[in-house]
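Numbering (full-length UniProt numbering), first residue to last: 1 to 557.
Cβ coordinates follow ideal geometry from the N, Cα and C atoms, glycine included.
All figures in this text were calculated on a predicted structure; none of them were measured in a lab.
Notes for the one structure printed next.
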Ligand code: F6P
């Protein structure tokens, strides 16, 4: 891949610097002066209705941001990604999560081979497996149908499935439940299996590499739990063949490393593959979503994939000036680099999206938390902001104070759907309307604030007036959709994938590696013997770590 363009040396960057210096944010004034502002800055992508008008932008800023995209070659890089070029430079890999949602019949070549037929082959295998679990044909070792699937995975092999499972609760088949074990804290597996019936439980071990310490440890714990419980109840005997049969009926796997799956004792016939060109944090739409296919069924999963594809086409085909993911990514650059915004809030007004901010943390921060560019040179400006958030209205009663009146600028994305999943009435009041009134009110309050005169007009004592003033001009983007369908969830994920990509291209970084997670993993392996009592290993640790381990050992006894 050619060297990254240094965005900070472009003419567009210079224009943005000048525009920022001259900008006097005045959302009240801007809306008053231009009644068409909301309409002009509202765009559509698939089912997503996206209002950018409460951002600190005017036409000149938007034009300069679009110029920036052009001058760093965003469209060319995007096309290279869709075409299967090896844009993940440090790992020498193509980046083709978009191929996972291409319709059968599409063609995407990696090293001369069209990968789309293979994608659909695996998808059909997952669908067939899920059908058998859902209709009771797949039985546990004692002949009972499966009632609970437990996905064992971490990072991208957990966050996507759990987020989507929560988001699409109304679509989950009655009588089937999914659980998600991720943490190597033994509490996680202990609590999640405590009330389960092993005869009706199926484990899905999901790991791209099948080497991840947490996942393999949890998978072994689950295997022991299953075999002990089945033996204790007399459901199976002690023979190796009994154990193998139980594992075959209660364990399947998802991985790119099918040889390692076999080593673990899972029949490769019960394993679903994917490819090294799918990054972990981009993999919920691969076989990593098997737990979702079981819970939701093939039709809903196909709808979910179609949602991604809609936004992929929008990103691939829409001119940058009306390309929603590109513009949202460029806005994030505007705030990160020209306003110094270190964090970005994502605030879903949909309880079912309560894990969406956590999901986005891996997507955005593992992708863009980098200090070197894809040619190894240092970055030339700040990169990855911290993404965080909680659903509204809960956040309103926790951290919104700081967003409204704190000293730092926190751009925020507000997300809501029009049709509630569970419409409820409180004595004649539609509670979802009450809920959405907060969504609308918060973005207005952040944008337009409250002046000292308005506070005084309410009869507030003069000495309290300053504390009750809201400066306004706190930027938000509002994203709305008709309902939280599988397609809309897919669209939201794809939207943020492409936002993340856009930012990475402007900064010249490889958004698809994650070397920064390696050091801690290596050190944990080195420290483990010391924790277990090996004095030589303990002596090799730094004094602080030695002290902490000694404290642990004394307390543990
Ligand atoms: O530790 C980071 C990471 O490599 C993530 O990128 C990945 O999603 C996660 O670990 C889990 O990896 P695997 O699916 O290979 O178990």
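Taking non-hydrogen atoms of ligand 1 into account, the C-beta of residue 278 is found less than 7 Å away from none of them.
Under the criterion of beta carbons closer than 8 Å, residue 46 and residue 311 qualify as touching, at roughly 6 Å. In this structure, DSSP gives residue 532 a state outside helix and strand, which the three-state scheme calls coil.
Spatial neighbours of residue 144 in its own chain (CB-CB distance under 7 Å, excluding positions within 5 residues in sequence) are listed in chain order as 199, 200. Between the region 201-210 and the region 147-159, the count of C-beta pairs closer than 8 Å reaches three or more; the two stretches touch. Residue pairing by DSSP places residue 388 opposite 345 in a beta bridge. Beta-bridge partners of residue 43 (DSSP): 50. In terms of side-chain proximity, the C-beta atom of residue 286 is found no nearer than 7 Å to any non-hydrogen atom of ligand 1. From the listed residues 282, 120, 127, 481, the smallest Cα separation to residue 299 is found for 127. Of the residues assessed, residue 81 falls on the buried side of the cut-off, its CB having 16 or more other CB atoms within 10 angstroms. For residue 479, the enclosing beta strand (DSSP E) covers residues 476-483.
For residue 174, there is no enclosing alpha helix (DSSP H), since its DSSP letter is neither H nor E.
In the same chain as residue 53, and ignoring 5 residues on each side of it, the C-beta atoms closer than 6 Å to its own belong to 37, 38, 41, in chain order. Looking only at 23, 27, 72, the smallest Cα-Cα distance to residue 10 is reached by 72. Comparing C-alpha distances from residue 270 to each of 255, 283, 277, 64 shows the shortest one belongs to 255. With a contact defined as Cβ atoms closer than 8 Å, residue 295 and residue 483 miss out at about 19 Å. Buried is the label assigned to residue 171, since at least 16 other Cβ atoms lie within 10 Å of its Cβ. Sixteen is the threshold: when 16 or more other Cβ atoms of the shown chains lie within 10 Å of the Cβ of residue 152, as they do, the residue is buried.
Listed in chain order, the alpha helix (DSSP H) elements of length 4 or more contained wholly in the region 297-339 are 298-317, 324-333. A distance below 8 Å separates the beta carbons of residue 8 and residue 380. Scanning 1, 511, 542 for the CA closest to the CA of residue 278 turns up 511. Collapsing the DSSP output to three states places residue 161 in a helix. Per DSSP, residue 88 lies in no beta strand (DSSP E) segment and is marked neither H nor E.
For residue 366, the Cβ falls inside the 7 Å cut-off from some heavy atom of ligand 1. The beta carbon of residue 396 is closer than 8 Å to those of 438, 442 in its chain, skipping five residues each way along the sequence. Excluding its 5 nearest sequence neighbours in each direction, residue 503 has C-beta neighbours in its own chain below 7 Å: 329, 332, 333, 368, listed in chain order. Separation of residue 174 and residue 308 (C-alpha to C-alpha, rounded to the nearest whole angstrom) is 26 Å. The C-beta separation of residue 354 from residue 391 comes to about 5 Å, placing the pair in contact by the 8 Å criterion. In this structure, the beta-carbon distance from residue 253 to residue 266 falls below 8 Å. Closest in C-alpha terms to residue 202, from the list 429, 268, 290, comes 290. Comparing alpha carbon positions, the residue from 413, 498, 292, 460 closest to residue 318 is 498.
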